[in-house]
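Residue numbers (our numbering): 13 to 281. For each residue, glycine too, the CB sits at the ideal point set by N, CA and C. Note that this is a predicted model, so its numbers are computed, not measured.
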């Protein structure tokens, strides 16, 4: 089976006019996806779920000026991600990447393996990048833009200084130079990145209290875990998973107690 993407790959995107067209399409898609996902999640989860189960809210709704600032920096980040996506497309055309579209029997195994392998590599890259960004001089120069949102919302999910956005945007274009990846896996990674970022910043815990007892789910980063990072800075650096925080002893000692408090109607003593 083959996904025919000739219509996408046959155009020379190094030609300035075509570059601007595909860049504009990607920019509209990336920024539009951010706005729609952040707004829908805020309305349906933070507001609706938060009204029904107020103990799941980590803090009260953020102010409009903060949201406007987050949207502005998210737009700047979307420009950088759109450039990155266009460059990755050009690399794919030129045969520099390991991206492919044909499905074979081997892909029954390789699709999930490559997906989780990419997530592991991304988690590793982000954890150590994130710790570096919390060095005082680095934090002061650009990572503080993200941390200006002490109390986060779903709109915080994409709000980064352009330098930080660049450091995040280069990950996938570099990864596909080395890791064989089906186009479906690439799309799945992009969707996963968007959804987890919104979940982690939305200010409302959606996972159940039983998550801590699950051998797999207990390793997932959620809103409570990442909210503690914004409140205390020197802990909980993970992106998707908590294993690097656990291994490197950077997980906040009060995380489990706070998680239980926001997932249990009856407050623990």
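Selection from 226, 109 and 218 that minimises the alpha carbon distance to residue 166: Working through the chain shown from its first residue, we reach residue 166 at position 154. The residue with the shortest Cα to Cα distance from residue 166 is 218.
Tell me whether residue 68 is buried or exposed, calling it buried when 16 or more other Cβ atoms sit within 10 Å of its Cβ. Translated into positions along the chain shown, residue 68 becomes position 56. Buried is the call here.
Using only CA atoms, which one of 146, 191 and 190 lies nearest to residue 176? Here residue 176 is taken as the residue at index 164 of the chain shown, counted from 1. Comparing Cα-Cα distances from residue 176 to each of 146, 191 and 190, the minimum goes to 146.
Where residue 134 and residue 28 are concerned, what is the direct C-alpha to C-alpha distance, given to the nearest angstrom? If you number the chain shown from 1, residue 134 lands on position 122. If you number the chain shown from 1, residue 28 lands on position 16. In a straight line, the C-alpha of residue 134 is about 31 Å away from that of residue 28.
Kindly indicate which residue of 272, 88, 62 and 98 has the alpha-carbon position closest to the one of residue 24. Mapped onto the chain shown, residue 24 falls at position 12. Out of 272, 88, 62 and 98, 98 has the C-alpha closest to the C-alpha of residue 24.
Alpha carbon of residue 264 to alpha carbon of residue 248, nearest angstrom: Position 252 of the chain shown, counted from the start, is the residue given in the question as residue 264. Position 236 of the chain shown, counted from the start, is the residue given in the question as residue 248. One C-alpha to the other measures close to 6 Å.
Mapping DSSP to helix, strand and coil, what is residue 242? In the chain shown, residue 242 corresponds to position 230, counting from 1. In this structure, residue 242 counts as helix in the three-state DSSP scheme.
Using the C-alpha atoms, what's the distance from residue 73 back to residue 211? Counted from its first residue, the chain shown places residue 211 at position 199. Counted from its first residue, the chain shown places residue 73 at position 61. About 15 Å.
Distance, residue 54 Cα to residue 70 Cα: Mapped onto the chain shown, residue 70 falls at position 58. Mapped onto the chain shown, residue 54 falls at position 42. Answer to the nearest angstrom: the Cα atoms are 13 Å apart.
Output the distance between the C-alpha atoms of residue 109 and residue 277, rounded to the nearest integer angstrom. Residue 109 sits at position 97 when you count from the first residue of the chain shown. Residue 277 sits at position 265 when you count from the first residue of the chain shown. About 50 Å.
Comparing alpha-carbon positions, which option in 66, 235, 174 and 205 lies nearest residue 132? Residue mapping note: residue 132 aligns to position 120 of the chain shown, counting from 1. The residue with the shortest Cα to Cα distance from residue 132 is 205.
Can you grab the Cα-Cα spacing for the pair residue 154 / residue 174, in whole Å? Here the question's residue 154 lines up with position 142 in the chain shown. Here the question's residue 174 lines up with position 162 in the chain shown. So the alpha carbons of these two residues sit roughly 8 Å apart.
Excluding the 5 residues preceding and the 5 following residue 141 in the sequence, name in chain order all residues of the same chain whose CB lies nearer than 7 Å to its CB. Counting from one through the chain shown, the residue named residue 141 turns up at place 129. Cβ within range, chain order: 179.
Quick one: grab the DSSP three-state call for residue 69. Stepping through the chain shown from its first residue, residue 69 is reached at position 57. Three-state result, residue 69: strand.
Three-way DSSP call (helix, strand, coil) for residue 249 in this model: For the purposes of this step, residue 249 is taken as the residue at position 237 of the chain shown. Three-state DSSP puts residue 249 in coil, outside helix and strand.
Note down the Cα distance separating residue 259 from residue 227, rounded to an integer number of angstroms. The sequence position of residue 259 within the chain shown is 247, counting from 1. The sequence position of residue 227 within the chain shown is 215, counting from 1. So the alpha carbons of these two residues sit roughly 16 Å apart.
Nearest-angstrom Cα separation, counted from residue 231 out to residue 6: Residue 6 lies beyond the stretch modelled for the chain, which goes from 13 to 281, so this question has no answer here.
Which residues does DSSP list as the beta-bridge partners of residue 112? Position 100 of the chain shown, counting from 1, holds the residue named residue 112. 194.
Note down, in chain order, each residue of its chain lying with its Cβ closer than 7 Å to the Cβ of residue 187, except the 5 sequence neighbours on either side. The count along the chain shown starts at 1 and reaches residue 187 at position 175. Once the five neighbours on either side are set aside, the close Cβ partners of residue 187 are 130 and 133.
How is residue 232 classed by DSSP in three states: helix, strand or coil? What you label residue 232 is simply residue 220 of the chain shown in a count that begins at 1. Strand at residue 232.
In its own chain, which residues sit with a C-beta less than 6 Å from the C-beta of residue 79, not counting the 5 before and 5 after it? Here residue 79 is taken as the residue at index 67 of the chain shown, counted from 1. Cβ within range, chain order: 167.
Who does residue 216 pair with in a DSSP beta bridge? Position 204 of the chain shown holds residue 216. For residue 216, which the question treats as bridged, DSSP gives the partners 69.
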